[in-house]
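Residue 407 in my numbering sits at position 414 of the sequence shown, and the numbers go up by one each step.
For glycine and all other residues, C-beta sits at the position ideal for the given N, C-alpha and C.
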Amino acid sequence: MKLLGLFTRKGRLRIARYRQIFQTLVAHGFGEIAYQTGLGKVMRILSRPFRTRRQARERARVAGESNTWVRIRLAVEELGPSFIKLGQILSNRPDLVPRGLQRELEKLQQRVPPFANDEATALVERELAGSIGELFREFDPEPIAAASIAQIHRAVTPEGAVVAVKVQRPRLQEIVEVDITILQELAELVERHIPETRGFGPRAIVDEFERGMLRELDFLREAAAIERFAAQFSGETRIKVPEVYRALTSRRVLTMEFIDAEPLASYLQGDAPLGLNGARIAEWGAELTLQQIFAHGFFHGDPHPGNIVVLSDGRICYLDFGLTGSLVQRDREVVSDILMNIIARNEQKAARAVVRLAGSRDFEIAQSIEREIGELIDRFQSAKAGDFSFTMLLGELTDVLVDKGLGLPPDLFLLVKALITIEGVATGLDPQFDFAAHLEPFARDLVREKYDPKRAAKRVATTAGDYADLIQSFPGDYYKLVDTVAAGRVRVRLDEETIAPLGRIVAGASSALVFALVLGSIIIGSAIIVHSRVPPLWNEVPVIGIGGFVIAGLIGLRLVVRIMRTGGM
């Protein structure tokens, strides 16, 4: 059935993608990996010969002049939207990829031309179940922006509202599904044939990418994120959130209010219009980001200058809500504990809070990172302005956790990156901006809220309810356990790492036992032959018996040497 699937449209697309991946890996100097995983052998059979061997050799030569991380980035950019998005996800996860590769993936560019106007129009009509003339009073077929996932068109609703229509690229869902299948197969091959990659968990990386990519392809999720953002900032005069037009929105088309404003990048480049204060924009931007994180627990995951615009009245507006992060109350409280203890120079409490945030209670690990946190705090306190910022401290603290093998929820890495990005923007607008001074009040409020009597009473009530449920369910669970043991249905699960050494020991013991049995059989057989004086004879002793004793001696010597090498004696 799988073989027949290769002749479907998706099957042919899959073969073509495999061929493209193989050729790209070879062109960028990763041909050895392709052959290690078996991909190269398959592609030599399935793919037609290179028609552009000279171009491929030239690209490989240029790639060879770059370091490994640069070549990975170039290959990812060439492989298109799915792989670019995977690279962007990995750039937020220093726990999954080496730091050098993470920094290189942050440079990923999406060089994609807009798709055909008639395709955009047809997709909008199909998704919204109507003609363009019925849906919009005006619809500009020329996109005002294009990216790997979608492109933006300016339009006017029948009621006269100017809107931005985000249209997903045609057939992107199908391409992404094929790419995810290929990535899952490649991850399995890499783990099987290149054991040193198992520590990074290639299959787990692909699973996380699949979840993130499919969420980003669903524009209804993005619409919900914008509406949640608007609700949590209702009444806030410093921010503008675009209105979503639900009647003109679907999974592949998102219609929202058109924002006519100046990109924040213009202020950083010195091209901003006169009359707006850069220091005030820096202050508002930082405080709004901190409010998202610490007050609401839901934040924009990519607040770089291209995703922020400034209206003529100074209000700030965030764009592109495809990447957002969220923190539960417990994680926000622990993060605030870490920040307050760092500011107070209490490395012991900061270390314990960091370990608790990673979901561990190992105080030995806390003690091991205490000194490193102390050194980071000393560097931060003694550094000159601009030399070592607070978010740089957080970034290096994340590196310490990764080095110690402590895992963090993905959104916490996203939080650190968002803080680093917004501090860079703020200091670019105002070189004297003190990010730590703005952060401290938010962290202090969260710590104060943590110890609020009402919150404490609520936690006590929740804990009491949990204990009540435990007591109520205990008799039934106890009898179920006894019944399972009595019926002999207890199962013991062992992972590969645990059972592999045991398997080697058993295999070694089995081999030694076989050698011993063979040795004993040869000695007994040779003794019988010698006693029976079976010809031919040499000095009245059977030659076959002599040969048997010699072979037995060699086998016995090998067995003794093997036992001594393994520590058996």
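Whole angstroms is fine: what's the gap from residue i's alpha carbon to residue j's?
i      : j      : result
Ser227 : Ile366 : 39 Å
Asp396 : Ile548 : 49 Å
Phe251 : Glu236 : 9 Å
Thr282 : Pro74  : 28 Å
Arg372 : Leu18  : 42 Å
Ser514 : Glu201 : 59 Å
Arg273 : Ser382 : 20 Å
Gly421 : Phe287 : 23 Å
Gly69  : Asp172 : The amino acid occupying residue 69 in the given sequence is Val; Gly does not appear at that position. Distance between the alpha carbons of Val69 and Asp172: 12 Å.
Ala148 : Glu276 : 34 Å
Ala224 : Gln284 : 13 Å
Ser375 : Gly278 : 27 Å
Ala436 : Asp404 : 18 Å
Arg325 : Gly307 : 29 Å
Ile331 : Ala344 : 8 Å
Val393 : Ile362 : 7 Å
Ile415 : Thr150 : 34 Å
Arg5   : Thr174 : 13 Å
Ala545 : Leu552 : 10 Å
Lys342 : Met333 : 10 Å
Gly299 : Pro188 : 40 Å
Asp133 : Thr114 : 10 Å
Gln418 : Met249 : A quick correction: the sequence has Val, not Gln, at residue 418. Val418 and Met249: Cα-Cα distance of roughly 26 Å.
Leu128 : Leu401 : 46 Å
Glu270 : Ser305 : What sits at residue 270 in the sequence shown is Asn, not Glu. One C-alpha to the other measures close to 11 Å.
Arg441 : Phe108 : 53 Å
Per DSSP, which residues does residue i bridge with? Please list them.
i      : result
Gly318 : Phe292
Glu250 : Val156
Ile544 : According to DSSP, which records beta bridges pairwise, Ile544 is partnered with nothing at all.
Ile145 : Ala138 and Lys159
Trp531 : Val534
Val302 : Pro256 and Cys310
Phe132 : Ala148
Lys233 : Cys310
If you drop the 5 nearest sequence neighbours on each side, which residues of the same chain put their C-beta closer than 7 Å to that of residue i?
i      : result
Val409 : Leu387, Gly388 and Thr391
Lys100 : Arg66
Gln166 : Leu210
Ser319 : Gly290, Phe291 and Asp404
Using a 10 Å radius around the Cβ and a threshold of 16 neighbouring Cβ atoms, would you call residue i buried or exposed?
i      : result
Leu550 : exposed
Ser141 : buried
Gln95  : buried
Leu510 : exposed
Thr230 : exposed
Val475 : exposed
Lys473 : exposed
Val90  : buried
Gln322 : exposed
Ser329 : buried
Ala346 : buried
Might you give, ordered along the chain, the residues of its own chain that have their beta carbon closer than 6 Å to the beta carbon of residue i, omitting 5 neighbours on each side?
i      : result
Leu412 : Thr384
Gly538 : Ser519, Ile522 and Val523
Pro528 : none
Val199 : Leu176, Gln177 and Ala180
Taking 8 Å as the limit between beta carbons, can you name the residues of its chain near residue i, skipping five residues before and five after?
i      : result
Glu209 : Lys78, Ile142, Glu215, Gly315 and Leu316
Leu72  : Gln13, Ile14 and Thr17
Ala217 : none
Glu112 : Pro163
Leu512 : Ala545, Ile548, Gly549 and Leu552
Pro535 : Ile522, Val523, Ser525, Arg526, Val527, Pro528 and Pro529
Flag this pair as touching only if the stretch 115 to 133 and the stretch 244 to 252 have three or more C-beta atom pairs under 8 Å; answer yes or no. Between the stretch 115 to 133 and the stretch 244 to 252, the count of Cβ pairs shorter than 8 Å is three or higher; the stretches touch.
Measuring CB atoms only, is the stretch 341 to 352 touching the stretch 303 to 312, in the sense that at least three cross pairs come out at less than 8 Å? At 8 Å Cβ cutoff, the stretches do not touch.
At a cut of 8 Å, does the stretch 155 to 162 reach the stretch 170 to 187 through at least three beta carbon pairs? Touching, no.
Are the stretch 335 to 345 and the stretch 293 to 310 touching, with three or more C-beta to C-beta distances below 8 Å? Result no; under three Cβ-Cβ pairs closer than 8 Å.
How about the stretch 253 to 261 and the stretch 195 to 213: do they share at least three Cβ pairs that are nearer than 8 Å? The stretch 253 to 261 is not in contact with the stretch 195 to 213.
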